[in-house]
Amino acid sequence: MTSLTTIPTVYKYGFLTSRAVDLLNQPQAHQIAIEDRDVLEACKDLVEKIIRGEAFLVGPNPEVSNLRPDDVETFNFLLSSDSQLLQLAKVEEDLRSYLDAILRTLEGLLRDPEGVANSERQRTVDFLTRTADALLASAKESARHYPTDESMPAAHD
Amino acid sequence: MTDHATASTFLKAEQIRAQAEHLYLLPFPSSCPRKFASLLSQACEKLKSVVIGLSKRPGTADVDRQISFISLFLVDRLAPTLRFIEGASSENTPASLVGPLEKIGKMLLPGAEFLVRRQWRYNYRVQELRQGLGEELKGLLSRHDFKDLFPDEPQKLYSISFPSFERDSALLHVNFAHEIGHPMEERYLAADPRNQEPLAELRTEIEKEDTGADVVKRAKDIGAATSYWRAAVEELISDTISTWVFGPSALFALSEVVTLSHSADEISKDLHPPWRFRLRNMLSVLEEQGFVDPASHELQGWRDNAHSSLSGVKSSVDNWLKHMSRVVEQNTDWDAIRREGIAAKCAYESVSRVTGSVRTFAAQTVADTAYTRDLFSEEVPWLLERLFCDLPPNQIERSLWDVRQVKLASILSSGWLYKLAKLHPEFDADAERYVERAFVLNRLILKALELSVVAGEFMERDGESARGAAKQE
Numbered sequence: 000m001t002s003l004t005t006i007p008t009v010y011k012y013g014f015l016t017s018r019a020v021d022l023l024n025q026p027q028a029h030q031i032a033i034e035d036r037d038v039l040e041a042c043k044d045l046v047e048k049i050i051r052g053e054a055f056l057v058g059p060n061p062e063v064s065n066l067r068p069d070d071v072e073t074f075n076f077l078l079s080s081d082s083q084l085l086q087l088a089k090v091e092e093d094l095r096s097y098l099d100a101i102l103r104t105l106e107g108l109l110r111d112p113e114g115v116a117n118s119e120r121q122r123t124v125d126f127l128t129r130t131a132d133a134l135l136a137s138a139k140e141s142a143r144h145y146p147t148d149e150s151m152p153a154a155h156d
Numbered sequence: 000m001t002d003h004a005t006a007s008t009f010l011k012a013e014q015i016r017a018q019a020e021h022l023y024l025l026p027f028p029s030s031c032p033r034k035f036a037s038l039l040s041q042a043c044e045k046l047k048s049v050v051i052g053l054s055k056r057p058g059t060a061d062v063d064r065q066i067s068f069i070s071l072f073l074v075d076r077l078a079p080t081l082r083f084i085e086g087a088s089s090e091n092t093p094a095s096l097v098g099p100l101e102k103i104g105k106m107l108l109p110g111a112e113f114l115v116r117r118q119w120r121y122n123y124r125v126q127e128l129r130q131g132l133g134e135e136l137k138g139l140l141s142r143h144d145f146k147d148l149f150p151d152e153p154q155k156l157y158s159i160s161f162p163s164f165e166r167d168s169a170l171l172h173v174n175f176a177h178e179i180g181h182p183m184e185e186r187y188l189a190a191d192p193r194n195q196e197p198l199a200e201l202r203t204e205i206e207k208e209d210t211g212a213d214v215v216k217r218a219k220d221i222g223a224a225t226s227y228w229r230a231a232v233e234e235l236i237s238d239t240i241s242t243w244v245f246g247p248s249a250l251f252a253l254s255e256v257v258t259l260s261h262s263a264d265e266i267s268k269d270l271h272p273p274w275r276f277r278l279r280n281m282l283s284v285l286e287e288q289g290f291v292d293p294a295s296h297e298l299q300g301w302r303d304n305a306h307s308s309l310s311g312v313k314s315s316v317d318n319w320l321k322h323m324s325r326v327v328e329q330n331t332d333w334d335a336i337r338r339e340g341i342a343a344k345c346a347y348e349s350v351s352r353v354t355g356s357v358r359t360f361a362a363q364t365v366a367d368t369a370y371t372r373d374l375f376s377e378e379v380p381w382l383l384e385r386l387f388c389d390l391p392p393n394q395i396e397r398s399l400w401d402v403r404q405v406k407l408a409s410i411l412s413s414g415w416l417y418k419l420a421k422l423h424p425e426f427d428a429d430a431e432r433y434v435e436r437a438f439v440l441n442r443l444i445l446k447a448l449e450l451s452v453v454a455g456e457f458m459e460r461d462g463e464s465a466r467g468a469a470k471q472e
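Chain order of the listed sequences is V and P. At position 78 of the first sequence the residue is numbered 77 (numbering that gives the first Met the number 0), and the sequence of numbers has no breaks. At position 213 of the second sequence the residue is numbered 212 (numbering that gives the first Met the number 0), and the sequence of numbers has no breaks.
#1: Please list, in chain order, the residues of the stretch 412–435 of chain P that have any C-beta partner in chain V closer than 7 Å.
#2: Got a sec, what are the start and stop residues for the alpha helix (DSSP H) P:V476 sits in?
#3: Identify whether V:L49 lies in helix, strand or coil by the three-state DSSP scheme.
#4: For a test of your reading of the model: does the CB of P:H172 fall under 7 Å from any non-hydrogen atom of the ligand HEM? Yes or no.
#5: Which one of P:L448, P:N91, P:E208 and P:L374 has the shortest CA to CA distance from P:K344?
#6: Leaving out five residues on either side along the sequence, give the residues of the same chain with a beta carbon under 7 Å from the beta carbon of P:S412.
#7: By the three-class DSSP mapping on this structure, what secondary structure does P:Y227 have?
#8: Terminal residues of the continuous alpha helix (DSSP H) containing P:L479?
#9: Quick one: is P:R16 buried, meaning 16 or more other Cβ sit within 10 Å of its Cβ, or exposed?
#10: So P:V316 and P:L416 are in contact, right, with Cβ under 8 Å, and what is the actual spacing, rounded?
#11: What does a CB cutoff of less than 7 Å around P:K137 pick up in its chain, not counting 5 residues either side in sequence?
#12: Could you check where the beta strand (DSSP E) with P:Y157 kicks off and where it finishes?
#13: Could you please give me the residues that DSSP links to P:R116 through a beta bridge?
#14: If contact means a Cβ-Cβ distance below 8 Å, which residues of the stretch 234–254 of chain P contact chain V?
#15: Can you tell me whether P:L39 is helix, strand or coil according to DSSP?
#16: If you follow the alpha helix (DSSP H) that V:S118 is part of, which residue opens it and which one closes it?
#17: Using a threshold of 8 Å, state whether the C-beta atoms of P:I240 and P:V357 are closer than that.
#18: Does DSSP put V:F55 in a helix, in a strand, or in coil?
#19: Cα-Cα, which of P:W274, P:L53, P:T368 and P:S37 is closest to P:A176?
#20: Got a sec, what are the start and stop residues for the alpha helix (DSSP H) P:S401 sits in?
#21: What whole-angstrom Cβ distance do P:P272 and P:E234 have, given they're in contact under 8 Å?
#22: Determine the extent of the alpha helix (DSSP H) in which P:Q18 is found, giving its start and end residues.
#23: Rounding to the nearest angstrom, what Cα-Cα distance links P:N280 and P:Q65 in this structure?
#24: How about V:K11: is its C-beta nearer than 8 Å to some C-beta of chain P?
#25: Going by the CB atoms, is the gap between P:S163 and P:Q118 shorter than 8 Å?
#26: Please look up how many angstroms separate the CB atoms of P:L108 and P:I205, rounded, as I've assumed it's under 8 Å.
#27: With DSSP collapsed to three states, give me the class of V:S80.
#28: To the nearest whole angstrom, what separates the beta carbons of P:W301 and P:L419, a pair I think is in contact under 8 Å?
#29: Name the residues in the stretch 109–134 of chain P whose C-beta lies less than 8 Å from a C-beta of chain V; which are they?
#30: By how many angstroms is the C-alpha of P:S260 removed from the C-alpha of P:R325?
#31: By the criterion of Cβ-Cβ separation under 7 Å, what are the contact partners of V:V46 in chain P?
#32: Buried or exposed for P:D537, going by 16 or more other Cβ atoms inside 10 Å?
#33: Would you call V:M25 buried or exposed, if buried means 16 or more other Cβ atoms sit within 10 Å of its Cβ?
#34: Could you tell me the distance, in whole angstroms, from the CA atom of P:K34 to the CA atom of V:E113?
#35: Once you ignore the five residues that flank V:L109 on each side, which residues in its own chain have a CB closer than 6 Å to its CB?
#36: Between the Cα of P:E265 and the Cα atoms of P:G110, P:L250, P:D334 and P:K321, which residue gives the shortest distance?
Structural data, given as structure tokens:
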């Protein structure tokens with residue numbers, strides 16, 4: 000099984016969440032630039048994927064496509080690296096409402112950025128920052144590994 | 000002032016770009032490696048621009064984090080892909096085999112491209128290189144830069160790796176067909192909604208077995224069962240496709256490498272099914288196709304006496320098949336699967352229920368390129384006769400005016416039968432002679448493949464010019 004430290008989406012979601020955090024920490028603008036919309040849209044998709052994730056099948060109509068390994072890995076990775084998320088996961092409803100709130104905030108930022116309360120915005124920034132930092136740690140770990148098609152040297156640090 | 004990490008990231012991008020440009024100049028047996036080198040070079044240019052943009056902003060934790068990601072991406076993702084290009088050069092590959100394999104790959108996976116390359120680890124492996132890279136870069140690059148890099152949706156480029164020192168062991172490269180089958184799993188799931196139902200049912204099955212487990216443990220078990228299921232179905236599809244494309248050679252080739260990969264009975268760490276499980280499936284597919292008699296476990300439809308010099312070939316192959324039947328009759332792999340835990344048990348029980356639909360899907364997928372017992376029985380004896388005379392087994396020559404090209408699968412089958420019947424006994428008599436003859440066999444097979452490609456191209460051109468002449472008339 001793929002190790003949690005080398006999930007294949009580490010750079011895809013790492014780039015995305017780090018850009019989103021950077022964007023949301025900038026002074027608020029009335030209009031969101033097209034490029035920034037792309038980033039927030041993609042973040043929204045990520046959170047939707049997590050919500051749909053196989054682990055809890057929380058979607059209203061859980062379908063088999065929810066069982067994609069990417070979703071499972073991303074979700075399990077976040078569970079393992081985010082203690083707050085893991086705590087919330089003990090009660091399925093708590094996790095669901097937390098992630099739903101993040102999703103609603105991202106939708107709000109795309110629709111009407113000024114209508115989003117600061118506290119909601121901050122909660123989303125915190126979630127994405129913790130995700131980006133966890134992915135960065137994972138990327139550092141991944142870079143230390145030898146590619147699986149290379150023979151392992153006899154000695155290494 | 001730009002900090003050290005930013006400058007160093009810029010330099011890394013430039014170094015990778017320069018190396019990709021250098022590799023571009025190597026001779027390759029196909030155009031794919033060069034196209035990929037060019038993509039890497041352009042990606043590095045785009046990344047350099049992103050780094051310059053970030054360097055102009057005041058240093059914050061958010062900027063530092065992005066620089067760190069880019070730097071790690073360069074060393075962890077982009078730089079290692081240079082080895083794919085280097086390993087795909089003409090010098091590093093069985094160049095005469097690359098073209099025919101690409102052809103099979105394109106037939107099975109329309110729209111995809113293939114890069115055949117050597118790797119140092121002793122294994123065959125398939126990896127998608129281009130679409131994955133595109134998905135990663137999409138999160139980083141601006142719309143404009145991304146479009147510049149990928150004017151159309153990034154198409155899949157599969158790298159198919161083979162063990163480096165086996166470059167000239169053409170017979171072993173039958174395993175390529177197995178690797179080309181790997182990406183089919185997605186298509187199998189999409190082909191019919193009923194194919195996905197067992198995945199959905201895994202949840203209920205786990206819940207039945209996992210009574211008392213908390214929600215997180217159960218979720219992880221469902222995730223693990225899903226991964227086991229998908230990995231096992233993927234291998235079954237690949238093995239079945241390989242058997243349909245190459246016939247008995249697929250089983251011969253897999254049996255040579257599979258015993259080195261992991262235990263006969265355990266699921267490997269990367270979730271490959273136990274190899275006893277896989278060989279059982281392949282043998283059963285060969286029986287369904289009529290290559291092997293299910294009762295006697297012997298080769299069907301082969302007549303040694305049709306070609307006197309071939310006497311003994313069938314009995315050697317039959318002995319091998321009987322040995323393989325005894326290996327797969329043991330069910331110790333199932334004991335190991337149950338010991339692995341609830342997730343593995345539920346997944347594999349489900350997989351054994353879908354074997355029929357997996358095989359039907361694989362058979363339909365390769366229908367156009369399937370290798371049949373009739374072709375095998377008709378072509379291989381003639382090719383074996385050529386091998387016995389140290390001639391490349393590239394065509395059937397009944398007379399000077401009656402020459403016929405044969406299927407790639409027949410060329411490789413003749414090599415495998417020669418190896419089992421003629422070459423292996425040489426080892427007992429004289430090990431040095433055995434090695435010498437093994438090298439000769441490799442050369443004859445590679446030459447046959449090369450001649451077969453040349454003849455195929457000639458006939459294609461000949462056909463085109465004939466069609467052109469007919470039009471003019």
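Using N, Cα and C, we set each Cβ at its ideal position, and we do this for glycine too.
According to the structure data:
#1: Flagged: no residues at all.
#2: With chain P covering only 0 through 472, there is no way to say anything about residue 476 of chain P.
#3: As a working note, residue 49 of chain V is residue 50 in the first sequence. The question names Leu, but residue 49 of chain V in the sequence shown is Ile. If DSSP states are grouped into helix, strand and coil, V:I49 belongs with the helices.
#4: Looking at this structure, you won't find the ligand HEM or any other ligand, since it has none at all.
#5: The residue labelled residue 344 of chain P in the question sits at position 345 within the second sequence. Minimum Cα distance to P:K344 is reached at P:E208.
#6: In the second sequence, counting from the first residue as 1, residue 412 of chain P sits at position 413. Excluding residues within five positions, the ones whose Cβ falls inside 7 Å are G246, P247, S248, F375 and V379.
#7: Taking the second sequence and counting its residues from 1, one reaches residue 227 of chain P at position 228. When DSSP states are grouped into helix, strand and coil, P:Y227 belongs to the helix group.
#8: Residue numbering for chain P in the displayed model covers 0 to 472; residue 479 of chain P lies beyond these limits and cannot be assessed.
#9: Here residue 16 of chain P refers to the residue found at position 17 of the second sequence. Buried.
#10: As a first step, residue 316 of chain P is located in the second sequence; it is residue number 317 there, counting from the start. As a first step, residue 416 of chain P is located in the second sequence; it is residue number 417 there, counting from the start. Yes, P:V316 and P:L416 are in contact; Cβ-Cβ is about 6 Å, under 8 Å.
#11: As a first step, residue 137 of chain P is located in the second sequence; it is residue number 138 there, counting from the start. Result list for P:K137: F145, in chain order.
#12: Counting from one through the second sequence, the residue named residue 157 of chain P turns up at place 158. P:Y157 -> beta strand (DSSP E) spans L156 to P162.
#13: Working through the second sequence from its first residue, we reach residue 116 of chain P at position 117. DSSP lists P:S160 as partners of P:R116.
#14: Per Cβ criterion, the list is empty.
#15: Here the question's residue 39 of chain P lines up with position 40 in the second sequence. Reduced to three states, the DSSP call for P:L39 is helix.
#16: Taking the first residue of the first sequence as 1, we reach residue 118 of chain V at position 119. Its alpha helix (DSSP H) spans residues N117 to R143.
#17: Within the second sequence, numbered from 1, the residue matching residue 240 of chain P stands at position 241. Within the second sequence, numbered from 1, the residue matching residue 357 of chain P stands at position 358. The answer is no: Cβ separation not under 8 Å.
#18: The residue you call residue 55 of chain V lines up with position 56 of the first sequence. Because the pLDDT at V:F55 is just 41, under 50, the model does not fix this residue reliably, and the value given afterwards should be weighed accordingly. Of the three classes helix, strand and coil, the one that applies to V:F55 here is coil, per DSSP.
#19: Taking the first residue of the second sequence as 1, we reach residue 176 of chain P at position 177. Out of P:W274, P:L53, P:T368 and P:S37, P:T368 has the C-alpha closest to the C-alpha of P:A176.
#20: As a first step, residue 401 of chain P must be located in the second sequence, where it is residue number 402. First, the residue type needs correcting, since residue 401 of chain P is Asp and not Ser in the sequence shown. Per DSSP, P:D401 lies in no alpha helix (DSSP H); the unbroken beta strand (DSSP E) holding it starts and ends at D401 to Q404.
#21: The residue labelled residue 272 of chain P in the question sits at position 273 within the second sequence. The residue labelled residue 234 of chain P in the question sits at position 235 within the second sequence. Right, the Cβ-Cβ distance comes to about 5 Å (below 8 Å), so this counts as a contact.
#22: The count along the second sequence starts at 1 and reaches residue 18 of chain P at position 19. Start and end: H3 to Y23.
#23: For the purposes of this step, residue 280 of chain P is taken as the residue at position 281 of the second sequence. For the purposes of this step, residue 65 of chain P is taken as the residue at position 66 of the second sequence. Approximately 48 Å between the Cα atoms of the pair.
#24: Here residue 11 of chain V is taken as the residue at index 12 of the first sequence, counted from 1. Yes, V:K11 counts as interfacial toward chain P.
#25: Looking up residue 118 of chain P in the second sequence gives position 119. Looking up residue 163 of chain P in the second sequence gives position 164. Cβ distance < 8 Å, so P:Q118 and P:S163 count as in contact.
#26: Along the second sequence, one-based indexing puts residue 108 of chain P at 109. Along the second sequence, one-based indexing puts residue 205 of chain P at 206. Not a contact, Cβ separation roughly 33 Å.
#27: Taking the first sequence and counting its residues from 1, the one referred to as residue 80 of chain V is at position 81. Three-state result, V:S80: helix.
#28: Counting from one through the second sequence, the residue named residue 301 of chain P turns up at place 302. Counting from one through the second sequence, the residue named residue 419 of chain P turns up at place 420. About 13 Å separates the two Cβ atoms, so there is no contact after all.
#29: Q118, W119, R120, N122, R124, G131 and E134
#30: Reading the second sequence from its first residue, position 326 is the one you call residue 325 of chain P. Reading the second sequence from its first residue, position 261 is the one you call residue 260 of chain P. Approximately 20 Å, taken between the alpha carbons.
#31: In the first sequence, counting from the first residue as 1, residue 46 of chain V sits at position 47. Correct list: empty, because the minimum Cβ distance to chain P is about 15 Å.
#32: Absent from the model: residue 537 of chain P. The displayed extent of chain P is 0 to 472, so no value can be given.
#33: Along the first sequence, one-based indexing puts residue 25 of chain V at 26. The sequence shown places Gln at residue 25 of chain V, not Met. So V:Q25 counts as exposed.
#34: Within the second sequence, the letter at position 35 stands for residue 34 of chain P. Within the first sequence, the letter at position 114 stands for residue 113 of chain V. One Cα belongs to P:K34, the other to V:E113, and the distance between them is close to 46 Å.
#35: Taking the first residue of the first sequence as 1, we reach residue 109 of chain V at position 110. Hits under 6 Å: L39.
#36: For the purposes of this step, residue 265 of chain P is taken as the residue at position 266 of the second sequence. Ranking the options by Cα distance to P:E265, first place goes to P:D334.
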